[in-house]
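Take a look at the structure below.
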Amino acid sequence: MATLPHQNAAPAERRSAQREEVRRPATMRTSYAVIPGEILDISTGGARFEAPKVPGPMVSCLLEWDDREVFCRVIWSKHDACGVAFDRPIPVDAVGEAVEETRRTEPPAAVNNIPLGTRRNRFRMSTSGEETGQD
1 MATLPHQNAA PAERRSAQRE EVRRPATMRT SYAVIPGEIL DISTGGARFE
51 APKVPGPMVS CLLEWDDREV FCRVIWSKHD ACGVAFDRPI PVDAVGEAVE
101 ETRRTEPPAA VNNIPLGTRR NRFRMSTSGE ETGQD
């Protein structure tokens with residue numbers, strides 16, 4: 001009797017290189033559109049591109065960011081993001097530069113991620129301009 005593979009098994013990782021999280025402004029050029037957006041992660045073999053409208057799978061395009069231009073093909077597409085595979089791997093240095101540029105240009109913390117204090121200043125100014133010891 002033949003054994004079927006377990007249906008709940010995790011899908012095999014298809015990427016040949018680890019993706020690095022970045023936030024780089026980018027432009028995707030296809031034969032019919034120029035799409036401004038952002039690269040959210042990148043590796044030597046591909047990237048995830050986010051924009052309000054992205055092309056569907058199998059579309060060939062030119063992805064531009066910083067001072068790079070790379071020919072690629074859309075592998076998957078969902079709503080406002082797509083994954084692309086580069087026609088030729090980019091240098092590891094190019095991935096490192098994108099990571100470093102992201103670190104250099106991103107603010108250290110988003111305002112909405114800074115926890116607010118729960119205690120108020122112990123001393124308040126009264127309406128007459130004098131400090132009071134009340135909370």
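Residue numbering for the sequence shown follows the UniProt record's numbering, starting at 1 and increasing by one per position.
Backbone N, C-alpha and C fix where the C-beta goes; we use that ideal spot for every residue, glycine too.
Query	Result
Under the three-state reduction of DSSP, which class applies to residue 27: helix, strand or coil?	strand
Would you be able to state if there are at least three C-beta pairs under 8 Å between the stretch 95 to 105 and the stretch 72 to 81?	no
Do you know offhand how far residue 49's Cα is from residue 36's?	10 Å
Looking at residue 64 and residue 26, is the spacing between their C-beta atoms short of 8 Å?	yes
Between the Cα of residue 61 and those of 32, 106, 79 and 53, spot the shortest distance and give me the residue it belongs to.	32
Secondary structure at residue 20, three-state DSSP: helix, strand or coil?	strand
Go ahead and pull the three-state DSSP assignment for residue 66.	coil
To the nearest angstrom, how far is the alpha carbon of residue 52 from that of residue 93?	29 Å
By how many angstroms is the C-alpha of residue 66 removed from the C-alpha of residue 5?	For residue 5, the predicted model reports a pLDDT of 46, less than 50, meaning its position is unreliable; a value from the coordinates is still stated below. Each residue's alpha carbon lies about 44 Å from the other.
Which term fits residue 55, buried or exposed, when burial requires 16 or more other beta carbons within 10 angstroms of its beta carbon?	buried
Less than 8 Å between the CB atoms is what I'm expecting for residue 41 and residue 59, so what's the real figure, rounded?	Actually they do not touch by this definition, with Cβ atoms about 19 Å apart.
Ends of the beta strand (DSSP E) at residue 59?	Premise fails: residue 59 is in no beta strand (DSSP E) and is neither H nor E.
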